[in-house]
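Asks: I have a structure here, written as C-alpha cells, and I will follow up with some questions on it.
Protein chains: 2
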Amino acid sequence: MKISTRGRYGIRAMVEIAKATASNPIAIRSISDTQKISERYLEQLLAPLKRDGYVLSVRGAAGGYHLGKPACKITVGDIIRTLEGPIAPVDCVNGDENQKCAFNCQCVTFKVWEKLKIAMEQILDGFSLQDLLNEETEFSTKEHLIIQSSQKPLCQN
Amino acid sequence: MKISTRGRYGIRAMVEIAKATASNPIAIRSISDTQKISERYLEQLLAPLKRDGYVLSVRGAAGGYHLGKPACKITVGDIIRTLEGPIAPVDCVNGDENQKCAFNCQCVTFKVWEKLKIAMEQILDGFSLQDLLNEETEFSTKEHLIIQSSQKPLCQN
DNA sequence: TATAATTCCTAGTGAAAAGATAGGTTATCT
DNA sequence: AGATAACCTATCTTTTCACTAGGAATTATA
Chain R
1 MKISTRGRYG IRAMVEIAKA TASNPIAIRS ISDTQKISER YLEQLLAPLK
51 RDGYVLSVRG AAGGYHLGKP ACKITVGDII RTLEGPIAPV DCVNGDENQK
101 CAFNCQCVTF KVWEKLKIAM EQILDGFSLQ DLLNEETEFS TKEHLIIQSS
151 QKPLCQN
Chain Y
1001 MKISTRGRYG IRAMVEIAKA TASNPIAIRS ISDTQKISER YLEQLLAPLK
1051 RDGYVLSVRG AAGGYHLGKP ACKITVGDII RTLEGPIAPV DCVNGDENQK
1101 CAFNCQCVTF KVWEKLKIAM EQILDGFSLQ DLLNEETEFS TKEHLIIQSS
1151 QKPLCQN
C-alpha cells in the first residue's frame, strides 16, 4: 500500500513546473537539480503527464515545461492516476467493469475496498497543485522548524 | 497503491477461521479448499497472525486454527498491518520517528500523506471480522444477484 | 504404540514490477 | 553551425511478490 517513486517524484516535479510559465518554461535539468531526481527518469514521468494535458512542452534550446492547465485544476490524485494508474486498493474497484469477478464482487470484502477507494480519492483529489504551492510559501516563513544539523536523509517523498 | 495477496488472502482466511471454535478448530487444508488458496502459502500468512495473537492454533491430528480474540475486536486494518506492515502511503508517516526526513517532513506533500494515512486507517479499522461475517449471511439470502454462467473469474480478493 | 493428520520452521525459486540507465533523434534558439 | 533541450525506445539491475519445497515436531485415534 505504498505510493511509488513515480507518483512521489511526479508530484514534486509538478510543483516545480507550476512555478514556470509558457514564456519561461522550466527544463528537466533544472527540476532534476533542485529535486535531486535523475534527468532520465524525470523524462519518463513527464511523457504521460504531457499526454494527459497536465503539462505542455517547449522544444529546443531554452525550452522546457509549463503547466497545461491552472494549478488549482490539477490535483494530486490526477498526477498519481496518470503515473501509477487507477487509485484502487484492489482491481475489482478500479472502475473497469471487466475486472469485476464472477460474483459481481459480492464478496464479503467488496464493501471495504469500495469505501477505501472512495476515501483515498477524496483525500488525493482534495489537494490541488495550488494547495501545495501555498504550503511551500508557508514553510519558507518558518524555516526555524527545520531540524538543525540532522543525520536524517533529505526528504524522498 | 494495491493491497497484496497477503492482505487479501489473510482476510479471507480469517473469515473462515472466525467460524471455528477452540474445541473445533479449522485446518489449513480446509481453508485452502474453500478459499482456493495454496496450503503452503496460507501457512506463511497464519504464522504472523498467530504471533500477533489474532489466531490460536491446535497442533496435531484434528488440530487447526481458531480466533485469539473476539471477531468484533479484530479489524481488517489489524490483519493488513500484521501481514503487510504499517498502513502508510509513504514511509515518513508510518509512525516510526526514525523514518522522518531531515526537514521533519515539512515538505509540501507531507500533509497529503498524513491525511491519506488517517483516512485509510479510519476505513480499514472501521470494519471488524464480525462485520464481514454479517455481510456473508446477508449475501446468502440474495444469491440471485450472482451473475449467471459468467465468463468472469472467481473473486480473487 | 503405530500411524495419520496436523502445525511449525526455514529455505529456495521464478516471474514480474520498480527504478532507473543508455543511446540516439528531432526541434529550436542564438 | 553549435548548443540546448525535448523526444523515443530499448536495456538493465534490484527488489518484491507469490509461491514452492523439505522436513521436524506434535497429537488424536485406531
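Chains as they are written, first to last, in this note's numbering: chain R, 1 to 157; chain Y, 1001 to 1157. No residue lacks a Cβ here, since even glycine has one placed at the ideal position from N, Cα and C. Only a predicted model underlies this, so the values are computations on that prediction, with no experimental measurement involved.
1. Per the contact definition of three or more C-beta pairs closer than 8 angstroms, is the region 38–57 of chain R in contact with the region 1003–1016 of chain Y?
2. Give the secondary structure of threonine 1109 of chain Y by DSSP, where H, G and I count as helix, E and B as strand, and everything else as coil.
3. Taking buried to mean at least 16 other C-beta atoms within 10 Å of its own C-beta, is glutamate 16 of chain R buried or exposed?
4. Quick one: complete beta strand (DSSP E) runs, 3+ long, within the region 57–82 of chain R?
5. Ignore the nearest five residues each way along the sequence and tell me which others in leucine 1124 of chain Y's own chain have a CB closer than 8 angstroms to its CB.
6. Using a Cβ cut-off of 9 angstroms, pull out every chain Y residue sitting near threonine 109 of chain R, in sequence order please.
7. Assess, as a yes-or-no matter, whether the region 1126–1141 of chain Y is touched by the region 35–49 of chain R under the definition of 3 or more beta carbon pairs within less than 8 angstroms.
8. Identify the contact partners of glutamate 84 of chain R in chain Y, using a Cβ-Cβ distance below 7 angstroms as the criterion.
9. Nearest chain Y C-beta to leucine 124 of chain R closer than 8 angstroms, yes or no?
10. Tell me valine 1055 of chain Y's beta-bridge partners as DSSP assigns them.
11. In this structure, does DSSP put asparagine 24 of chain R in helix, strand or coil?
12. Any idea what DSSP makes of serine 1128 of chain Y, helix, strand or coil?
13. Counting contacts by CB-CB distance shorter than 8 angstroms, is valine 112 of chain R in contact with chain Y?
14. Using a Cβ cut-off of 8 angstroms, pull out every chain R residue sitting near valine 1090 of chain Y, in sequence order please.
15. Mapping DSSP to helix, strand and coil, what is valine 15 of chain R?
16. In chain R, what lies closer than 8 angstroms to alanine 1119 of chain Y by C-beta?
17. Could you tell me whether any Cβ in chain R is nearer than 8 angstroms to the Cβ of leucine 1045 of chain Y?
18. Helix, strand or coil, according to DSSP, for lysine 115 of chain R in the structure here?
19. Rounding to the nearest angstrom, what Cα-Cα distance links alanine 220 of chain R and alanine 61 of chain R in this structure?
20. Go through its chain and collect everything with a Cβ distance to serine 1004 of chain Y's Cβ below 7 angstroms, but skip five positions before and after it.
21. Mind checking whether leucine 42 of chain R and isoleucine 26 of chain R have CB atoms under 8 angstroms apart?
22. Here's the rule I'm using: 16 or more other beta-carbon atoms within 10 Å means buried, otherwise exposed. How should cysteine 1072 of chain Y be labelled?
Replies: In short, the structure shows the following:
1. The answer is no - the region 38–57 of chain R does not touch the region 1003–1016 of chain Y, with fewer than three Cβ pairs under 8 angstroms.
2. As a working mapping, residue 1109 of chain Y is identified with position 109 in the second sequence. Of the three classes helix, strand and coil, the one that applies to threonine 1109 of chain Y here is coil, per DSSP.
3. As a working note, residue 16 of chain R is residue 16 in the first sequence. For glutamate 16 of chain R, the number of other beta carbons within 10 angstroms of its own is at least 16, and it is reported as buried.
4. Entirely contained in the region 57–82 of chain R, the beta strand (DSSP E) runs reaching 3 residues are, in chain order, 64–67.
5. Locating residue 1124 of chain Y in the second sequence gives position 124, counting from the first residue. Only Thr1075, Val1076, Gly1077, Ile1080, Ile1087 meet the Cβ criterion.
6. Within the first sequence, numbered from 1, the residue matching residue 109 of chain R stands at position 109. Listed along chain Y are Arg1008, Ile1011, Arg1012, Val1015, Val1076, Phe1127, Leu1132, Glu1135, Cys1155, Asn1157, each with a C-beta nearer than 9 angstroms to that of threonine 109 of chain R.
7. No, the region 35–49 of chain R does not touch the region 1126–1141 of chain Y.
8. Working through the first sequence from its first residue, we reach residue 84 of chain R at position 84. In chain order: Met1001.
9. Locating residue 124 of chain R in the first sequence gives position 124, where the first residue counts as 1. True, the Cβ-Cβ gap to chain Y drops below 8 angstroms.
10. Reading the second sequence from its first residue, position 55 is the one you call residue 1055 of chain Y. Y:Leu1067, per the DSSP bridge assignment.
11. For the purposes of this step, residue 24 of chain R is taken as residue 24 along the first sequence, with counting starting at 1. Reduced to three states, the DSSP call for asparagine 24 of chain R is strand.
12. Here residue 1128 of chain Y corresponds to residue number 128 of the second sequence, with the count starting at 1. It is a strand residue.
13. Within the first sequence, numbered from 1, the residue matching residue 112 of chain R stands at position 112. Using beta-carbon distances, valine 112 of chain R counts as an interface residue toward chain Y, with a partner under 8 angstroms.
14. Within the second sequence, numbered from 1, the residue matching residue 1090 of chain Y stands at position 90. Listed along chain R, the residues sitting closer than 8 angstroms to valine 1090 of chain Y by beta-carbon distance are Lys2, Ile3, Arg8, Asn157.
15. Your numbering for residue 15 of chain R matches position 15 in the first sequence. Looking at valine 15 of chain R - three-state DSSP - the assignment turns out to be helix.
16. Position 119 of the second sequence, counting from 1, holds the residue named residue 1119 of chain Y. Below the 8 angstroms Cβ cutoff, chain R contributes Ala119, Met120, Gln122, Ile123 as neighbours of alanine 1119 of chain Y, in chain order.
17. Here residue 1045 of chain Y refers to the residue found at position 45 when the second sequence is read from its first residue. Judged by the 8 angstroms Cβ criterion, leucine 1045 of chain Y is not in contact with chain R.
18. Your numbering for residue 115 of chain R matches position 115 in the first sequence. Looking at lysine 115 of chain R - three-state DSSP - the assignment turns out to be helix.
19. Outside the displayed span of chain R (1 to 157) sits residue 220 of chain R, for which this structure offers no information.
20. Looking up residue 1004 of chain Y in the second sequence gives position 4. Leaving aside the five residues that flank serine 1004 of chain Y on each side, the residues in its chain whose CB is nearer than 7 angstroms to its CB run, in chain order, Glu1084.
21. Sequence index remark: in the first sequence, residue 42 of chain R carries index 42 (1-based). Sequence index remark: in the first sequence, residue 26 of chain R carries index 26 (1-based). Cβ atoms of leucine 42 of chain R and isoleucine 26 of chain R: not closer than 8 angstroms.
22. Taking the second sequence and counting its residues from 1, one reaches residue 1072 of chain Y at position 72. Counting other Cβ atoms within 10 Å of its Cβ, cysteine 1072 of chain Y stays below 16 and is therefore classed as exposed.
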